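Chemist: Respectively, the protein sequence lines represent chains A and B. Numbered per the working numbering, the first sequence finishes at 568, counting up by one with no gaps. Numbered per the working numbering, the second sequence finishes at 832, counting up by one with no gaps. Just so you know, even glycine gets a beta-carbon here, dropped at the ideal spot from N, CA and C. No experiment lies behind these values; they were computed from the predicted model shown. Just dropping this structure here.
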Amino acid sequence: MILLQRFLLVCALLFSIGSLARADDFADAVSGFSADSFSATEKALDGVVQSNNARAAAIVEALQKERLFYAPATKQVVVKDASGAVLDAATGAKLAEAPTELKSVRLNNRLRRAVEAASGQMTLLSADTQKRIAAAQAVYKARDVAALANVETALNKETDPVAKSALSDARAAILLAKPGVSEADQLSAVTQLRARGDQEARAILSSLPDATPPAVKASAQSAVAAIDSRLAFWSNLQNVWYGLSLGSVLLLAAIGLAITFGVMGVINMAHGEMVMLGAYTTFVVQEYARAKAPALLDYSLLIAVPLAFLVAGAVGVLIERTIIRFLYGRPLETLLATFGVSLILQQAVRTIFGANNREVSAPPFMSGSFHLGGLEITYGRMWIVLFALAVFVGLQILLRFTPFGLRMRAVTQNRRMASSMGVDTNRIDALAFGLGSGIAGMAGVALSQIDNVSPNLGQSYIIDSFMVVVFGGVGNLWGTLLGAMTLGVANKFLEPFIGAVLGKIALLVFIILFIQKRPRGLFALKGRAVEA
Amino acid sequence: MSLTRRIMLRAAGAAFGGALALSAFGAKAAEDTIKVGILHSLSGTMAISETTLKDAMLMLIDEQNKKGGLLGKKLEAVVVDPASNWPLFAEKARELIAKDKVAAVFGCWTSVSRKSVLPVFKELNNILFYPVQYEGEESERNVFYTGAAPNQQAIPAVDYLMKEEKVQRWVLAGTDYVYPRTTNKILEAYLKSKGVKSEDIMINYTPFGHSDWQTIVADIKKFGSAGKKTAVVSTINGDANVPFYKELGNQGVKATDIPVVAFSVGEEELAGIDTKPLVGHLAAWNYFMSIDTPANKDFIAKWQAFTKNPKRVTNDPMEAHYIGFNMWVQAVQKAGTTDPDKVIDALVGVKAPNLTGGVSEMLPNHHITKPVFIGEIKDNGQFDVVWKTDGLVPGDAWSKYLDGSKDLIGDWKDKKCGAFNVKTGKCGGA
Numbered sequence: 037m038i039l040l041q042r043f044l045l046v047c048a049l050l051f052s053i054g055s056l057a058r059a060d061d062f063a064d065a066v067s068g069f070s071a072d073s074f075s076a077t078e079k080a081l082d083g084v085v086q087s088n089n090a091r092a093a094a095i096v097e098a099l100q101k102e103r104l105f106y107a108p109a110t111k112q113v114v115v116k117d118a119s120g121a122v123l124d125a126a127t128g129a130k131l132a133e134a135p136t137e138l139k140s141v142r143l144n145n146r147l148r149r150a151v152e153a154a155s156g157q158m159t160l161l162s163a164d165t166q167k168r169i170a171a172a173q174a175v176y177k178a179r180d181v182a183a184l185a186n187v188e189t190a191l192n193k194e195t196d197p198v199a200k201s202a203l204s205d206a207r208a209a210i211l212l213a214k215p216g217v218s219e220a221d222q223l224s225a226v227t228q229l230r231a232r233g234d235q236e237a238r239a240i241l242s243s244l245p246d247a248t249p250p251a252v253k254a255s256a257q258s259a260v261a262a263i264d265s266r267l268a269f270w271s272n273l274q275n276v277w278y279g280l281s282l283g284s285v286l287l288l289a290a291i292g293l294a295i296t297f298g299v300m301g302v303i304n305m306a307h308g309e310m311v312m313l314g315a316y317t318t319f320v321v322q323e324y325a326r327a328k329a330p331a332l333l334d335y336s337l338l339i340a341v342p343l344a345f346l347v348a349g350a351v352g353v354l355i356e357r358t359i360i361r362f363l364y365g366r367p368l369e370t371l372l373a374t375f376g377v378s379l380i381l382q383q384a385v386r387t388i389f390g391a392n393n394r395e396v397s398a399p400p401f402m403s404g405s406f407h408l409g410g411l412e413i414t415y416g417r418m419w420i421v422l423f424a425l426a427v428f429v430g431l432q433i434l435l436r437f438t439p440f441g442l443r444m445r446a447v448t449q450n451r452r453m454a455s456s457m458g459v460d461t462n463r464i465d466a467l468a469f470g471l472g473s474g475i476a477g478m479a480g481v482a483l484s485q486i487d488n489v490s491p492n493l494g495q496s497y498i499i500d501s502f503m504v505v506v507f508g509g510v511g512n513l514w515g516t517l518l519g520a521m522t523l524g525v526a527n528k529f530l531e532p533f534i535g536a537v538l539g540k541i542a543l544l545v546f547i548i549l550f551i552q553k554r555p556r557g558l559f560a561l562k563g564r565a566v567e568a
Numbered sequence: 403m404s405l406t407r408r409i410m411l412r413a414a415g416a417a418f419g420g421a422l423a424l425s426a427f428g429a430k431a432a433e434d435t436i437k438v439g440i441l442h443s444l445s446g447t448m449a450i451s452e453t454t455l456k457d458a459m460l461m462l463i464d465e466q467n468k469k470g471g472l473l474g475k476k477l478e479a480v481v482v483d484p485a486s487n488w489p490l491f492a493e494k495a496r497e498l499i500a501k502d503k504v505a506a507v508f509g510c511w512t513s514v515s516r517k518s519v520l521p522v523f524k525e526l527n528n529i530l531f532y533p534v535q536y537e538g539e540e541s542e543r544n545v546f547y548t549g550a551a552p553n554q555q556a557i558p559a560v561d562y563l564m565k566e567e568k569v570q571r572w573v574l575a576g577t578d579y580v581y582p583r584t585t586n587k588i589l590e591a592y593l594k595s596k597g598v599k600s601e602d603i604m605i606n607y608t609p610f611g612h613s614d615w616q617t618i619v620a621d622i623k624k625f626g627s628a629g630k631k632t633a634v635v636s637t638i639n640g641d642a643n644v645p646f647y648k649e650l651g652n653q654g655v656k657a658t659d660i661p662v663v664a665f666s667v668g669e670e671e672l673a674g675i676d677t678k679p680l681v682g683h684l685a686a687w688n689y690f691m692s693i694d695t696p697a698n699k700d701f702i703a704k705w706q707a708f709t710k711n712p713k714r715v716t717n718d719p720m721e722a723h724y725i726g727f728n729m730w731v732q733a734v735q736k737a738g739t740t741d742p743d744k745v746i747d748a749l750v751g752v753k754a755p756n757l758t759g760g761v762s763e764m765l766p767n768h769h770i771t772k773p774v775f776i777g778e779i780k781d782n783g784q785f786d787v788v789w790k791t792d793g794l795v796p797g798d799a800w801s802k803y804l805d806g807s808k809d810l811i812g813d814w815k816d817k818k819c820g821a822f823n824v825k826t827g828k829c830g831g832a
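Right, here's the structure in full:
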């Protein structure tokens, strides 16, 4: 009896020492974060993850969100929570007063990967489905053999179909990386990844460990071949999408020019600068929203669209009234004068805003991407395609169904006749030029999302715009649409084969040859207007 | 009659004397200052990068004047605008040297602008300080290269990725002109010498100002899915970087998957981008604004006070001008004159502190010793230094990894030759 009691006592003692030691290990590990060296941080992270301590998840999360700090003087490691309160990292106790100097625990890419993998393992059982899916994906990427047990526990509990498939992908990836897994299990893992069929699955299947059994290797190889042929199919579709999205950027830049050059016959070299003014308007609107009304920041692009139209349109009308109207019918002088105007506008913007690029941030609805089958579509590009089509449709409606559109078409087709019928042609000229410039300004809002907002923004688009208008057929908006899309898609199909530089040259040569054959472009205008 | 003649003579004499006095006075005023030429584009496409350097030079000259000038004289900056136009660079350089009689010129950014002013500096025998990292393969008597040569930027960056990130597959992406093409040639030779196979290297060139990166980023992702760790080495020039990084962010290429190390992206370029999706991508430079030394803190404070903008950033080429200018000042003091021949000889061996805690030295090949830092982009647009070389790296004018140049050295001290072949013992190339 006494013996038993003693035995129990010893057991209890041993147990408590054990748990004490474990608590000490954890505290030791946490203090490693204060060493300010990447290898010490890595060791500390490892220790924290291994400890199974209740605070581990909070520390990993803080590390991931860069809210883990240490005090250089006392070597104390602390966590700042979302409210800004400072907690001791190891105990979670709130500190009465925060240390005076705090330095953040620095991460490099290797550590960031380790943190992601650790947080993945720890959030596999989170209550939030999105978090569980993200965790499964992180584990899938990391392929940490030690995570297998956790993944299997999570898989058994999982009810959400998306999370379940992400988890079984993660399990398959680990099974293929782990030595000593049965061949049958590995083969079914290969099948699982083959069904997933994306680039990441391909990466895993083509880099199996050397010790993998030959049967599994052969099966993986055929899976890689199957994935490759599937990806090749989708990559063609993806190229079409890239082409359309490049085409819609060209369309946006060129459609204003289709009015000023195509319809009015004015060679406007300052067209690119109207695009630039639109982009700078976006910048100003966003800065204003940032400073005065942060709630509107996400909608600043929407606000910028009409404003950019007005700003660029007003500048366009001003240029038309003060310069271009004196030069109608003298294309060479117009070209030189508008080129001068473009230089003046560029230098003016450089003087006001500085030569540096300005930052226009992307609103949340334009960031990131989504998958459609095997296609990856970025939201930013998608909205730009839709915006370009909306501008095109709007413009068509304006020209077809409004009195202004009617007068504009009349002036284009026969100026003298229109004038005889009482149309104020001077006014129509100014308004049409303003419309073309205003549309260029709206294009600037879209371009601020994909290109630099700098004084040189317009220059890079002016040549492309002329190319599209000439190729599509001067004076025809449908021609501009088709021209832009054709050039965009052709460019994107040429690029993978001959590179971006040669691709551009090849397109230029093609257009020169095409113009030789059909001098009036894809859609030639017929009738009296041609001779005028 | 005679009276009027005498009066006229006297008047003429007085006028002549007056003119003499005036011209003597004018000459005296001119001698009181030493003129320093600043040849950076203030308009056109390069204005984005070069305007900052003009301001930095004005600040340095201002500082030196506050310390009492040089050789008892004040320094006077002569600023010209070559407008990003290469032939105009040569004209403006001639104007600075022949008309304004400057003692030295600080300027140029692109290699082509440097090449176009080179004949002018040789002909009129003056000094050019060139502050930008470049492709190497050059050592001229009249030019002092204070930016990084490839072995002071590109090679250490690749070494870092190989050792720390265990990268096995490489994408060399660049803008289509001389600096990326030469740098990539050197890097390709270097990687192959380290056992990287041809199929693990992808080289891609894009036009200036390329803005549609969708296909190329997709290609990089595809190249990176072969099961080996992949990294991108970017020599993409200035403006094209913003859409490139935006596309990387949008297509979800994270630094933890495929890191991008850039040689032309600094604090100034990042000022135009939202850097949150870019955290962890890398840059290799000889200076970062975030480096915590007293000299750097002091420099940043002075710069922000000089530009009256508390948010203004500093960057690597500015530090290069800082080092170059201080070296020139010391050499002029050592030579006791601003005569270019004497200053050129005095410059070799001059040591000047850099802003990162070391002391850079002008080498006989007219390049300088510099430390190399690898920084990761942070979400505030600054860099966090994750690696640096032990000590300073001497700049190689001629790359050791290219067949045509591995036996060449530049030595303006003993051999008086920019391309001395150590194998044949002759001057003038292979």
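Specify, as a first and last residue, the run of the alpha helix (DSSP H) that residue 594/B falls within.
Modeler: That run of the alpha helix (DSSP H) goes 580-595.
Chemist: Leaving out five residues on either side along the sequence, give the residues of the same chain with a beta carbon under 8 Å from the beta carbon of residue 681/B.
Modeler: Correct list, in chain order: 657, 778, 779, 780, 781.
Chemist: Contact defined as beta carbons within less than 8 Å: I believe residue 439/B pairs with residue 545/B. What is the distance between those atoms, to the nearest angstrom?
Modeler: That pair is no contact at about 14 Å.
Chemist: Is any heavy atom of the ligand ZN found at a distance shorter than 7 Å from the C-beta of residue 825/B?
Modeler: In the structure shown, the ligand ZN is absent, as is every other ligand, since no ligand is present at all.
Chemist: Have a look at the DSSP bridge pairing and note the partners of residue 534/B.
Modeler: DSSP, once it has assigned bridges, lists no residue as partnering residue 534/B.
Chemist: Closer than 8 Å is the cut-off here; do at least three beta carbon pairs connect the stretch 523-541 of chain B with the stretch 590-606 of chain B?
Modeler: The stretch 523-541 of chain B is not in contact with the stretch 590-606 of chain B.
Chemist: Between 300/A, 298/A, 289/A, 319/A, which has its C-alpha nearest residue 309/A's C-alpha?
Modeler: The residue with the shortest Cα to Cα distance from residue 309/A is 289/A.
Chemist: Would you call the CB atoms of residue 226/A and residue 261/A closer than 8 Å?
Modeler: No, the Cβ-Cβ distance between residue 226/A and residue 261/A is not below 8 Å.
Chemist: When the cut-off is 8 Å and only beta carbons count, does residue 395/A lie next to chain B?
Modeler: Taking Cβ atoms only, chain B reaches closer than 8 Å to residue 395/A, which makes this a yes.
Chemist: Quick check: what's the CA-CA separation for residue 577/B versus residue 179/A?
Modeler: Rounded to whole angstroms, residue 577/B to residue 179/A spans 36 Å at the Cα level.
Chemist: Give the single residue among 442/B, 542/B, 772/B whose Cα lies nearest to the Cα of residue 509/B.
Modeler: Ranking 442/B, 542/B, 772/B by Cα distance to residue 509/B puts 442/B first.
Chemist: Contact criterion: CB-CB distance below 8 Å. Does residue 166/A meet it with respect to chain B?
Modeler: Closer than 8 Å: no.
Chemist: According to the Cβ coordinates, are residue 83/A and residue 77/A closer than 8 Å?
Modeler: Not in contact: residue 83/A and residue 77/A (Cβ atoms no closer than 8 Å).
Chemist: Using 8 Å as the threshold, is the stretch 318-328 of chain A in touch with the stretch 336-354 of chain A, meaning 3 or more CB pairs across them?
Modeler: They touch, by the three-pair rule.
Chemist: Kindly indicate which three-state DSSP category residue 641/B falls into: helix, strand or coil?
Modeler: Correct three-state label for residue 641/B: helix.
Chemist: Hey, does residue 637/B have any beta-carbon neighbour from chain A nearer than 8 Å?
Modeler: No, its Cβ sits nowhere closer than 8 Å to a Cβ of chain A.
Chemist: Do residue 627/B and residue 239/A have their C-beta atoms closer together than 8 Å?
Modeler: Contact flag set, yes.
Chemist: Quick one, which residues of the stretch 507-522 of chain A are near chain B if we go by CB-CB under 9 Å, in chain order?
Modeler: From the stretch 507-522 of chain A, no residue has a Cβ closer than 9 Å to chain B.
Chemist: Below 7 Å on C-beta distance, what does residue 447/B contact in chain A?
Modeler: By Cβ distance, chain A contributes 492.
Chemist: Could you tell me whether the Cβ of residue 191/A comes closer than 8 Å to any Cβ of chain B?
Modeler: It does not; no Cβ of chain B falls within 8 Å.
Chemist: Restricting to runs no shorter than 4 residues, where is the alpha helix (DSSP H) found entirely within the stretch 473-507 of chain A?
Modeler: DSSP runs (the alpha helix (DSSP H)) wholly in the stretch 473-507 of chain A: none.
Chemist: Going along the chain, which residues of its own chain have a beta-carbon closer than 7 Å to the beta-carbon of residue 234/A, five neighbours each way excluded?
Modeler: Excluding positions up to five away in sequence, the list is empty.
Chemist: Counting only beta-carbon separations shorter than 8 Å, does residue 226/A have a partner in chain B?
Modeler: Not an interface residue.
Chemist: So that I know if they touch, is there some Cβ in chain B lying closer than 8 Å to that of residue 322/A?
Modeler: Chain B, which has no Cβ nearer than 8 Å to the Cβ of residue 322/A, makes this no.
Chemist: Can you give the Cα-Cα distance for residue 428/A and residue 209/A, rounded to whole angstroms?
Modeler: Near 48 Å, if we compare the C-alpha coordinates of residue 209/A and residue 428/A.
Chemist: Grouping DSSP H, G and I as helix and E and B as strand, with all else coil, what is residue 689/B?
Modeler: In this structure, residue 689/B counts as coil in the three-state DSSP scheme.
Chemist: Assuming residue 615/B contacts residue 649/B (C-beta within less than 8 Å), just tell me the rounded distance between them.
Modeler: Indeed, because the Cβ distance is near 4 Å, the residues count as touching under 8 Å.
Chemist: Taking DSSP's pairing of strands, which residues face residue 608/B in a bridge?
Modeler: In DSSP, residue 608/B forms a bridge with 577/B.
Chemist: Let me check understanding here. Comparing Cα to Cα, which of 448/B, 743/B, 710/B, 562/B lies closest to residue 639/B?
Modeler: Residue 448/B is the option with its Cα nearest to residue 639/B.
Chemist: Report the neighbours of residue 142/A on chain B: residues whose CB is nearer than 7 Å to its CB, in chain order.
Modeler: Result: 786.
Chemist: Comparing C-alpha positions only, which one of 113/A, 144/A, 281/A sits nearest to residue 134/A?
Modeler: It is 113/A whose Cα lies nearest to the Cα of residue 134/A.
Chemist: Is it buried or exposed for residue 7/A, if we count other Cβ within 10 angstroms and need 16 for buried?
Modeler: With chain A covering only 37 through 568, there is no way to say anything about residue 7/A.
Chemist: Anything in chain B within Cβ reach of residue 235/A, meaning under 7 Å, just list it in chain order.
Modeler: Simply 623, 624, 627.
Chemist: Are the CB atoms of residue 145/A and residue 558/B nearer to each other than 8 Å?
Modeler: No, the Cβ-Cβ distance between residue 145/A and residue 558/B is not below 8 Å.
Chemist: Pick from 611/B, 563/B, 608/B: whose alpha carbon is nearest that of residue 659/B?
Modeler: Checking every option, the nearest Cα to that of residue 659/B belongs to 563/B.
Chemist: Assuming residue 540/A contacts residue 609/B under a Cβ cut-off of 8 Å, what Cβ separation, rounded to an integer in Å, is found between them?
Modeler: Residue 540/A to residue 609/B, Cβ: 6 Å. Contact.
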